[in-house]
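These notes are about the structure you will find just below.
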Amino acid sequence: MSGFELNPRDIRPQDVERAEEQAERVEALLTELAGQDELLAEIVGTGRGDGGHVHAAVAADGRVLKVAIEPRAVREGSEALADEIVLTVRRAQQDALRQVDSLVRESLAEALPGTPLDPAELRERLGRLLD
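In UniProt numbering, the protein residues as written are 1 to 131.
So, in structure tokens, the structure goes:
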């Protein structure tokens with residue numbers, strides 16, 4: 001919870017106008033982002049295992065693009081190798097998510113200058129609005 005409570009009696013006409021302007025800017029931004037799939041297509045998250053012998057690359061949507069295993073990684077045994085692969089892919093997915101959040105944060109900052117933005121909080125608020 002954000003702790004934000006709104007009393008309708010406290011809403012002024014200029015508050016409504018400002019909210020409408022922000023909504024228009026966000027809508028324009030979302031339309032622009034929807035048409036810019038190439039920006040998301042360029043995002044590639046990368047990860048590396050603890051031993052440094054397993055590397056992974058994933059797309060912005062989490063799809064695994066590549067897993068590279070150096071011969072040294074096989075020496076640790078199949079179970080250790082499997083754990084290392086899973087860890088490496090998760091790190092790559094986290095990196096991709098970080099890049100997507102950064103892109104969204106930058107875009108929203110342009111659309112709503114001066115407004116503190118947290119992508120996780122925005123997702124939570126949007127989820128509550130859609131429920």
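Just so you know, even glycine gets a beta-carbon here, dropped at the ideal spot from N, CA and C.
Ignore the nearest five residues each way along the sequence and tell me which others in residue i's own chain have a CB closer than 8 Å to its CB.
i, result
"residue 85", "49, 54, 56, 67 and 69"
In the DSSP assignment, find the unbroken beta strand (DSSP E) run with residue i in it and report its ends.
i, result
"residue 57", "54-59"
"residue 45", "44-48"
Taking the beta carbon of residue i as the centre, do at least 16 other beta carbons fall within 10 Å, making it buried, or is it exposed?
i, result
"residue 88", "buried"
"residue 22", "exposed"
"residue 47", "buried"
"residue 96", "buried"
"residue 73", "buried"
"residue 19", "exposed"
"residue 9", "exposed"
Distance, Cα to Cα, residue i vs residue j?
i, j, result
"residue 44", "residue 59", "5 Å"
"residue 104", "residue 17", "24 Å"
Give me, in chain order, the residues of the same chain whose beta-carbon lies closer than 7 Å to that of residue i; leave out the 5 immediate sequence neighbours on both sides.
i, result
"residue 13", "none"
"residue 80", "none"
Short of 6 Å in beta carbon distance, which residues of its chain neighbour residue i, apart from the five on each side in sequence? Order them along the chain.
i, result
"residue 40", "60"
Given the structure, does residue i come close to the ligand PLP, in the sense that its CB is under 7 Å from one of the ligand's heavy atoms?
i, result
"residue 87", "Looking at this structure, you won't find the ligand PLP or any other ligand, since it has none at all."
Notebook entry, point to check: Going along the chain, which unbroken runs of the alpha helix (DSSP H) with 4 or more residues stay wholly within the region 65-117?
Noted result: 71-74 and 78-111
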